[in-house]
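Notes to accompany the following structure.
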Amino acid sequence: MRQALVCILHCLAFLLSGSSTFGQAAGQPPPPLKVLLFFSLNVEADHMLFATDAIRFIAEVADRHDFRVEATSNWADLNDENLKQYKLIVWLNSVPPTAQQQVFQRYMEGGGAWLGFHYAGFNMGNSRWTWFRQFIGGAYGTNSWPPLPAKLVVDDTESPVTRGIPKTFAAPANEWYSWRPSPRLDKDFHVLLSLDSAQYPLGIKGLITAEKDPDVPVVWTNTKFKMLYANMGHGDKIFTSPMQNKIFENGILWLLEKN
Ligand code: ZN
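Numbering-wise, the sequence shown is residues 58 to 316 according to our numbering.
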């Protein structure tokens, strides 16, 4: 199973990167915007399954909206020179090693755009990468377990990311993280979606409860940067909701300044 997944991810990455070299003649419109997806193979199976689905989903969004997607599992591709060609980078299921952290900070402070899913925002609060802790706005509190669907509340129905989405909807099964503190407590953060606390306690073995986590943002942005974090990203059900898919698509277009 793992071998098959590795093959699927490598083949997808090859196909995506292989489609990126159409020539540009003088007088032609500028080349399409490019997006670089980072994924890791040495992670838990449900996070690999998500990455497989996400690569396919984002490639389909790119086809519809005329931008180009490449994917890599090599964090060394996160370097100053390479990043110059990308309007947006996406972390699907992991965080970069220490060697790449300063590069990422420079990229974001220089006006780059970032989308992170699920584990890409994971930090324990006492991590040595304090810049990232400020950037993401919260530290991991606890998780619901097993993966379950959840009712989400749209906190801002006017955002380009959530426009057209009803005030509440049912999101497919995911492992949901809580955040301590909640990023909403920081004035620089804008929460777009959160867990509906009416469904607490959420989980069976692992519980999100009103006592410890009264407010659990799920999708938000740090308004000091062009960034979006979405807690979805566990398992093979994430892209089964047209509503949630629309939010992801809107978010990518917003980060690319296409909507
Ligand atoms: Zn997970």
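The beta carbon of each residue, even a glycine, is placed where N, CA and C say it ideally should be.
- Under the three-state reduction of DSSP, residue 151 is assigned to coil, being neither helix nor strand.
- Of 111, 179, 315, 231, the smallest CA-CA separation from residue 93 is found for 111.
- In the same chain as residue 294, and ignoring 5 residues on each side of it, the C-beta atoms closer than 7 angstroms to its own belong to 229, 230, in chain order.
- Residue burial annotation: residue 269 is exposed, with fewer than 16 other C-beta atoms found within 10 angstroms of its C-beta.
- Following the DSSP letters along the chain, one finds residue 299 inside the alpha helix (DSSP H) bounded by residues 299 to 312.
- Around the C-beta of residue 200, 16 or more other C-beta atoms lie within 10 Å, and the residue is accordingly described as buried.
- Straight through space, the alpha carbons of residue 172 and residue 119 are spaced by roughly 15 angstroms.
- If you check the C-beta of residue 257 against ligand 1, you find no heavy atom less than 7 angstroms away.
- At a threshold of 7 angstroms, residue 176 counts as near ligand 1, since its beta carbon sits closer than that to one of the ligand's heavy atoms.
- A residue is called buried when at least 16 other Cβ atoms come within 10 angstroms of its Cβ; residue 299 does not meet this threshold and is exposed.
- Residue 254 sits in a helix when the DSSP states are folded into three classes.
- Three or more pairs of CB atoms, one per stretch, sit closer than 8 angstroms, so the segment 199 to 213 contacts the segment 230 to 245.
- Just so you know, the alpha carbons of residue 152 and residue 95 end up roughly 9 angstroms apart.
- Within the segment 217 to 263, the complete beta strand (DSSP E) segments of 3 residues or longer fall at 225 to 231, 234 to 236, 246 to 252, listed in chain order.
- Set against 7 angstroms, the gap from the CB of residue 110 to the closest heavy atom of ligand 1 is not smaller.
- Short of 8 angstroms from the beta carbon of residue 136, and not among the five residues preceding or following it, lie these beta carbons of its own chain, in chain order: 157, 160.
- Per DSSP, residue 125 is one residue of the beta strand (DSSP E) stretching across 125 to 129.
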